[in-house]
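Student:
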Amino acid sequence: MHETICVIFDFDETLAPDSTSGYLSRCGIDVPRFWQEDVKPLMDEDWDPVPAYLYKMIDMSNSGSVDPITRESLISWGKEITLYEGVETIFERLREACRKTNPRVTVEFYLISSGIGEVLRHTSIAHEFSDIWASDFVYDENGKITFPKRIVSFTDKTRYIFQIQKGIFGPAFRGKPFEVNRKFDNAQLRIPLNQMIMVGDGYTDIPCFSLIQKGGGIALGVYDIANREKWGRAWGFIEDGRVSNLAPADFSANSATANSLIMAVENFATKISLTSHTYQG
């Protein structure tokens, strides 16, 4: 009997404003110019968006036009990030909703992002996640970025959903990338797809949305209410059937997003309870 629910979050523009743009702005870089004049031309040459921006950050760090980008500065920025309303308390509110519905069931949280891992692992909520997967750099002896170590983009994100499903996460599985390919029977799966909730905002989340919805889970799209330019993209997720629901990226008590997540957790916890009673009977 699988008695664990998981909520998987994207980070940038899901739990907080874009952390990479925030870091670049903090460094004194013209952010719109970086994305439009540095990164977009690479995408026009058929680069994937994520390695394109990582490469340009390394190139910029080496150019001497800005201070070198270092692990220390990325960590420092992670500690400063301001989260969306209610984010810091949503985790315990969801745990409490789960406990009240079915005390035998636990809810876990995971973060899968195309952002920079060194930043995300030092935010005020990093401790809430059972694991965090994000893009990472290699650093030289002075802590300066030199090369991409991990790239998380589009379908790359689904790999980590399979790791969650199979229980392949945490320190014991560091340096074991092929473990995710091990065959598991349904009875061996730690968290089935139909007990997963995915929360995201962007195009890189679409493969995860599709995988979880097809597996019987719930996909929740969120959007930054202050960024009207992206409302159309968010509405497109509803029109295309990519998500189960769409709400503003506001996680405060009684907000539409918080209520949607609480109802999803309660629904799964109730189903687990009913399944358990049927099995026992």
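Count along the sequence shown starting at 1, add 57, and that's the number in our numbering.
All C-beta atoms in this analysis are idealised placements derived from N, C-alpha and C, irrespective of residue type, glycine included.
Between ARG128 and the ligand FAD, is the CB less than 8 Å from at least one heavy atom?
Tutor: By its list of ligands, the structure shown contains no ligand whatsoever, and the ligand FAD lies outside what it can speak to.
Student: From GLU198, GLY227, ASP95, pick the residue whose C-alpha is nearest to that of TYR110; which is it?
Tutor: Nearest option by C-alpha distance: ASP95.
Student: Report yes if the CB atom of LEU140 is closer than 9 Å to the CB atom of SER171, and no otherwise.
Tutor: Taking 9 Å as the Cβ cut-off, LEU140 and SER171 do not qualify as a contacting pair.
Student: With DSSP collapsed to three states, give me the class of THR71.
Tutor: Three-state DSSP puts THR71 in coil, outside helix and strand.
Student: What alpha helix (DSSP H) runs, 4 residues minimum, are completely inside the stretch 94–179?
Tutor: 97–101, 106–120, 128–137, 144–158, 174–177, all fully within the stretch 94–179.
Student: So what does DSSP say about PHE91, is it helix, strand or coil?
Tutor: In the structure shown, PHE91 sits in a helix (DSSP, three-state: H, G or I).
Student: Report the rounded CA-to-CA distance for ILE225 versus PRO108, giving the unit in angstroms.
Tutor: One C-alpha to the other measures close to 25 Å.
Student: Can you tell me the Cα-Cα spacing of SER312 and ALA306, whole angstroms?
Tutor: For SER312 and ALA306, the distance between alpha carbons rounds to 9 Å.
Student: Per DSSP, THR314 is paired with what?
Tutor: Answer by DSSP bridge pairing: none, since THR314 is not bridged.
Student: Going by CA-CA distance only, name the one from SER78, THR146, ASN238 that's closest to ALA183.
Tutor: Considering only alpha carbons, the answer is THR146.
Student: According to the Cβ coordinates, are SER301 and GLN252 closer than 9 Å?
Tutor: Contact: no.
Student: Should MET320 be labelled buried (16 or more other beta-carbon atoms within 10 Å of its own) or exposed?
Tutor: It is exposed - the Cβ of MET320 has fewer than 16 other Cβ atoms within 10 Å.
Student: Give the DSSP-derived three-state secondary structure of GLY79 in the structure shown.
Tutor: Here GLY79 sits in helix by DSSP.
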